[in-house]
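Inspection log for the structure reproduced underneath, given as structure tokens.
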Amino acid sequence: MDWESVVGLEVHIQLATRSKIFSGAGAAFGAEPNTQACGVDLGLPGTLPVLNREALRMALTFGLAIEAEIASECRFDRKNYFYPDLPKGYQISQFEAPVVQGGTIVISAGEAEQRIGITRAHLEEDAGKSLHEDYAGMTGIDLNRAGTPLLEVVSEPDLRSAAQAAAFFRELRALARYLRISDGNLNEGSMRCDANVSVRRRGATALGERTEVKNLNSFRFIERAIRHEIARQIDVLEGGGQVARETRLYDAERDETRPMRGKELSDDYRYFPDPDLLPVRITEALLAEARAEVPELPRAKRRRYQEALGLSAAEAWQLAEEPGMAAYFEAVADAAPPRRAAHWMMDQVAAALNRSGLDIAACPVPAAQLAQLLQRIEDGVVSGKIAATIFEALWNEGGDVDAIIAERGLRQLSDADALTGIVAQVVAAHPAQAQQFRNGKAKLLGFFVGQVMQATAGKADPKQANALLLKALRNP
Amino acid sequence: MAHAANIAALRHGLDAGEYSARELTQDALGRIDATNPLLNCFITITAEQALADADAADARIAAGNAGPLTGIPIAHKDLFCTADAPTTCGSRMLAEYMPPYDATVVARLRTAGAVSLGKTNMDEFAMGASNETSWFGPARNPWRPQHTPGGSSGGAASAVAAGLVPLATGTDTGGSIRQPAAFCGVTGLKPTYGRVSRYGMVAFASSLDQGGAFGRSVEDVEWLLQAMEGHDPQDSTSAERPATTRAAAAGMTLGLPREYWDGLDAGMAQCLQAATRELEAGGCTVRDISLPHTAAAVPAYYVIASAEASANLARYDGVRFGHRADAPKSLDDLYRRSRGEGFGAEVKRRILTGTYVLSVGYYDAYYLKAQRVRRLIRQDFVDAFGAVDAVVAPVTPSVAFELGTVQDPVAMCRQDVFTTPASLAGVPAMSVPCGFCDGLPTGLQLIAPHFEEGRLLALGAAFQRRTDWHLRQPSA
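From first to last, the protein sequence lines are chains D and H. Residue numbering for the first sequence follows our numbering, starting at 3 and increasing by one per position. Residue numbering for the second sequence follows our numbering, starting at 1179 and increasing by one per position.
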């Protein structure tokens, strides 16, 4: 039987604000337990939340970037449930009137571009962490994370495969990093993903019963877990069973999902407007501030790289994924041939960064120097091979491209007279090979080029050397 | 007889060196020691800290930089967080809770140099109208100690009426300042919602809770209000408004809402009519008005207040602070027993009510409907204030009842029939002593438009210039 899978994602993006969403406590990752939690985060009696305007601004920037509707007012609600790492016994979230409604994220997963609808994105506070190990039968509670701002992005069930889901998550991460609203650091839990998965017969319009798969925190896990869950549901249905509506947890070690809690325990969160926070008016001034933070977005960049700079789709994707990489590339491509710049970024620069474990932001070669170097190749001043050694020098010792060329005598020998002399000497020094060439052994030309290069310590312009050699060999 | 003097006289006495703040404090502490065993109006007496604060006040006075309240004894309702004294909220749950910070109101009064003598008794978490739900036993009415002082701010009203302190802070959610003020024959002001910071006031119903003032006269209350009020960036619902200034009473038009006056018992009606005539004699015009949705106020109030309370009190789970059950067997057991043991019957009743009205299937019928009623009641006042400058009404249907005689919780709720409308509308309201029925004080309620406390102060002061009810004191 032919099945179609239907997937929607809920992604929690941790916003990169300095302080928490409703308190002044710091929001940095990795501090000692309970050192970044103030009275508000602890839910002390009498404390009150005050909205961090920067978190709101970031949510608006996100909304504008995905061309969402931004209502003139949004509101915060209380989501009530008991858990030891939820200090107030409720989470402040947005239920009825989220900050962002609608919008689209365009993905391309090895095929044509696809528009994925965004249902909503809302602001909420994160809970703390319960630490079940290390406390001999007790549970440790770390409230550093409590009150950290989250933007929960909920997609429409527009995704049709695990690969598309992973592509969506990747696109969302790129977007969040471009907008500078999150560091997108998956290892530190800056983006966490739950998936709603169902299958139906191809051609059916009604949705099948869905399961929610939790705990998908890497590209690889998202794809594997969803693929596994789709296969499991198809097995159930083909075996004559029914998919139960339930929450399942992905176990990365066993590569399987298993039920977390049954539907009979479905919670009633008793949402109601938080009376401690007034409805938030989204003013024109606030929107203008948010709009000013929307840069050229990854998709537009990729299109521009292909259409205006002549890169391939794969090159455009690779260079546009990280805002830092893209910025560096653009700075180089501004002053040097773009395609050469792209190739150098993906070869020499990427390899050097990899070797040294550095981020592009810490790249020791300034973009202007790399551009100058590439321009010197273009000008015929140095060959690509010599340029690679200059790049190495720039990386290790710094300095100026032209100065390095001059000091080390790396300028290509393109003076025709000088080169003609060297060519004549080389031909004269190898009469046997010259004769063989004339008798038709054309590939001996390479041998002569090599000899010229050796004689000039690599500085001869290979093209020119070629032409002069041909002339000298054919007309002795 | 410094303790019978008004604040202006005390200020003069302190500044002129007729007595020191230490002497005032010692005098008040002596009377508290003698009277509190009978009246039970203090839960905590902070004698040592008070004497130290008094010495600091004396130093300020000597240095010539005393503020209006420097050296004046006060007492705080025991739900204002104090870093130097337990804050119990009248509950076993917080019987030993020591907050790590001062509420904004406490901090402002501390900065002003007021000398706090301790924390006053109250209904548990401010839920009650007789002080009988206090874990520490009820405070008593100094006019007749077998009677209630009212609630929830019963200890504060009792302490001021008994002359133990000239000023006391209180909070009013549905009448918790006005009703005890009326029962004890003192002046009590519930400011506009948003006038006084709620930061550090342990929350009962966040959209209704409002800090306010008790004193022996309108003028004294004005001194306290001016030290308490003002915008607080830590409370998102606190308003940015100019400070309260007294308006002119003469020439005001006053509305008598027939829904409050019809069916009032004869003795009470007589007192109130006489009071109204005094206001007319003072130059006001009186006319009948209608506030048509008055009867719906109590049910709407109990739905909204309980809903908010059910969430506000979720943080008392035995995990971080407050009462924690011994040797819990599981997380559920910890929650169940900590809350079961820590909360009294009335608090549990309201948590259950609030949980119920927010539940799926009941939310629309109760919570949303109550919110609609609330808007209608607010509109009643807005409409009325189009025609009149202030509203004149009774505070309570009867005088202070005997402790233990109102057992039915619904009958207890009826105590709030005249006070909950102003609470739901968020408008300021004040109770001033206006006579006696059966030997117990009665109160006149004055209600003004949002942020027009100045009108209440003007009317109240004009009334107190023409009458001496506020000067009457219970016999020792």
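Quick reminder that beta carbons are idealized off the backbone N, C-alpha and C, glycines included.
Residue span of the beta strand (DSSP E) that contains residue i, given as start and end
i, result
"aspartate 79 of chain D", "79–82"
"isoleucine 72 of chain D", "Element bounds for isoleucine 72 of chain D: n/a, residue is neither H nor E."
"leucine 1602 of chain H", "Note, leucine 1602 of chain H: premise wrong, no beta strand (DSSP E); alpha helix (DSSP H) at 1598–1603."
"phenylalanine 1220 of chain H", "1220–1223"
"serine 1662 of chain H", "The structure shown does not extend to residue 1662 of chain H, since chain H is modelled only from 1179 through 1654, so no value can be given for it."
"alanine 1571 of chain H", "1568–1572"
DSSP state of residue i mapped onto helix, strand, coil
i, result
"glycine 1393 of chain H", "strand"
"aspartate 196 of chain D", "strand"
"glycine 1621 of chain H", "strand"
"methionine 455 of chain D", "helix"
"leucine 161 of chain D", "strand"
"glycine 1348 of chain H", "strand"
"glutamate 56 of chain D", "helix"
"tyrosine 1371 of chain H", "coil"
"alanine 1194 of chain H", "coil"
"arginine 203 of chain D", "strand"
"glycine 448 of chain D", "helix"
"cysteine 1591 of chain H", "helix"
"lysine 1526 of chain H", "helix"
"leucine 209 of chain D", "coil"
"arginine 305 of chain D", "helix"
"threonine 285 of chain D", "coil"
Delimiting residues of the alpha helix (DSSP H) encompassing residue i
i, result
"tryptophan 319 of chain D", "315–322"
"proline 433 of chain D", "433–440"
"glutamine 1642 of chain H", "1631–1644"
"aspartate 1510 of chain H", "1509–1520"
"alanine 336 of chain D", "Reading off the sequence shown, one finds aspartate at residue 336 of chain D, where the question assumed alanine. Per DSSP, aspartate 336 of chain D belongs to the alpha helix (DSSP H) from 325–337."
"arginine 127 of chain D", "As written in the sequence, residue 127 of chain D is glutamate, which differs from the arginine given in the question. Careful: glutamate 127 of chain D lies outside any alpha helix (DSSP H), inside the beta strand (DSSP E) at 116–127."
"methionine 1128 of chain H", "The requested residue 1128 of chain H is not part of the displayed model; chain H covers only 1179 to 1654."
"threonine 1289 of chain H", "1282–1290"
Rounded C-alpha distance that separates residue i from residue j
i, j, result
"threonine 1340 of chain H", "arginine 1394 of chain H", "The amino acid at residue 1340 of chain H is misidentified as threonine; the sequence shows alanine. Each residue's alpha carbon lies about 10 Å from the other."
"methionine 140 of chain D", "glycine 1500 of chain H", "19 Å"
"glutamine 1655 of chain H", "cysteine 1615 of chain H", "As shown, chain H starts at 1179 and ends at 1654. That puts residue 1655 of chain H outside it, with no answer to give."
"serine 1416 of chain H", "arginine 1514 of chain H", "35 Å"
"alanine 61 of chain D", "proline 35 of chain D", "28 Å"
"valine 1605 of chain H", "alanine 1304 of chain H", "20 Å"
"leucine 46 of chain D", "methionine 1271 of chain H", "13 Å"
"alanine 1183 of chain H", "proline 1627 of chain H", "31 Å"
"threonine 1370 of chain H", "leucine 1622 of chain H", "18 Å"
"alanine 1505 of chain H", "glutamate 295 of chain D", "54 Å"
"glycine 28 of chain D", "arginine 20 of chain D", "6 Å"
"tyrosine 83 of chain D", "glutamine 93 of chain D", "8 Å"
"serine 385 of chain D", "valine 9 of chain D", "52 Å"
"phenylalanine 439 of chain D", "phenylalanine 449 of chain D", "10 Å"
"leucine 1509 of chain H", "valine 1560 of chain H", "49 Å"
"isoleucine 15 of chain D", "phenylalanine 221 of chain D", "15 Å"
"glycine 1249 of chain H", "tyrosine 273 of chain D", "47 Å"
"valine 1525 of chain H", "methionine 1300 of chain H", "13 Å"
"proline 1420 of chain H", "arginine 1633 of chain H", "14 Å"
"tryptophan 1313 of chain H", "glycine 1329 of chain H", "14 Å"
Cross-strand partners of residue i (DSSP beta bridge)
i, result
"histidine 1325 of chain H", "H/Glu1580"
"tyrosine 1423 of chain H", "As written in the sequence, residue 1423 of chain H is threonine, which differs from the tyrosine given in the question. Partner(s): none; threonine 1423 of chain H has no beta bridge."
"isoleucine 143 of chain D", "D/Ser132"
"histidine 1254 of chain H", "H/Lys1297"
Residue i CB to nearest heavy atom of the ligand HEM below 7 Å
i, result
"serine 1330 of chain H", "With respect to the ligand HEM, the structure offers nothing, as it holds no ligand at all."
**Asked** Along the segment 181–212 of chain D, what residues have a CB closer than 7 Å to any CB found in chain H?
**Response** Cβ contacts with chain H come from no residue of the segment 181–212 of chain D.
**Request:** Using a Cβ-Cβ cut-off of less than 9 Å, list which residues of the segment 1485–1506 of chain H approach chain D; keep chain order.
**Result:** Only Ala1485, Glu1486, Ser1488, Ala1489, Asn1490, Leu1491, Ala1492, Arg1493, Tyr1494, Asp1495, Val1497, Arg1498, Phe1499 and Gly1500 from the segment 1485–1506 of chain H bring a Cβ to less than 9 Å from some Cβ of chain D.
**Request:** Using a Cβ-Cβ cut-off of less than 8 Å, give me the residues of the segment 37–61 of chain D that come near chain H, in sequence order.
**Result:** If the cut-off is 8 Å between Cβ atoms, the segment 37–61 of chain D has Gly41, Leu44, Gly45, Leu46, Pro47, Gly48, Thr49, Leu50, Pro51, Val52 and Leu53 near chain H.
**Request:** Anything in the segment 1271–1283 of chain H with a Cβ closer than 9 Å to a Cβ of chain D? List those residues in chain order, please.
**Result:** For the segment 1271–1283 of chain H, the beta-carbon criterion of a distance under 9 Å to any beta-carbon of chain D is satisfied by Leu1272, Tyr1275, Pro1277, Pro1278, Tyr1279 and Ala1281.
**Request:** Quick one: which residues of the segment 1525–1552 of chain H get their C-beta closer than 8 Å to a C-beta of chain D? List them in chain order.
**Result:** Against chain D - using a Cβ distance shorter than 8 Å - the residues of the segment 1525–1552 of chain H are Thr1533, Leu1536, Ser1537, Val1538, Tyr1541 and Tyr1545.
**Asked** If contact means a Cβ-Cβ distance below 7 Å, which residues of the segment 71–99 of chain D contact chain H?
**Response** Residues Arg80, Asn82, Phe84, Pro86, Pro89, Lys90, Gly91 and Tyr92.
**Prompt:** For the segment 264–297 of chain D, which residues have a beta carbon sitting closer than 7 Å to at least one beta carbon of chain H?
**Reply:** Within the segment 264–297 of chain D, the qualifying residues are Asp270, Arg272, Phe274, Pro277, Asp278, Leu279 and Leu280.
**Asked** Closer than 8 Å, Cβ to any Cβ of chain D: which residues of the segment 1401–1423 of chain H, in chain order?
**Response** Listed by position along the chain: Pro1411, Gln1412, Asp1413, Ser1414 and Thr1415.
**Request:** Anything in the segment 1351–1383 of chain H with a Cβ closer than 8 Å to a Cβ of chain D? List those residues in chain order, please.
**Result:** Those would be Arg1376, Tyr1377, Gly1378, Met1379, Val1380, Ala1381 and Ala1383, in chain order.
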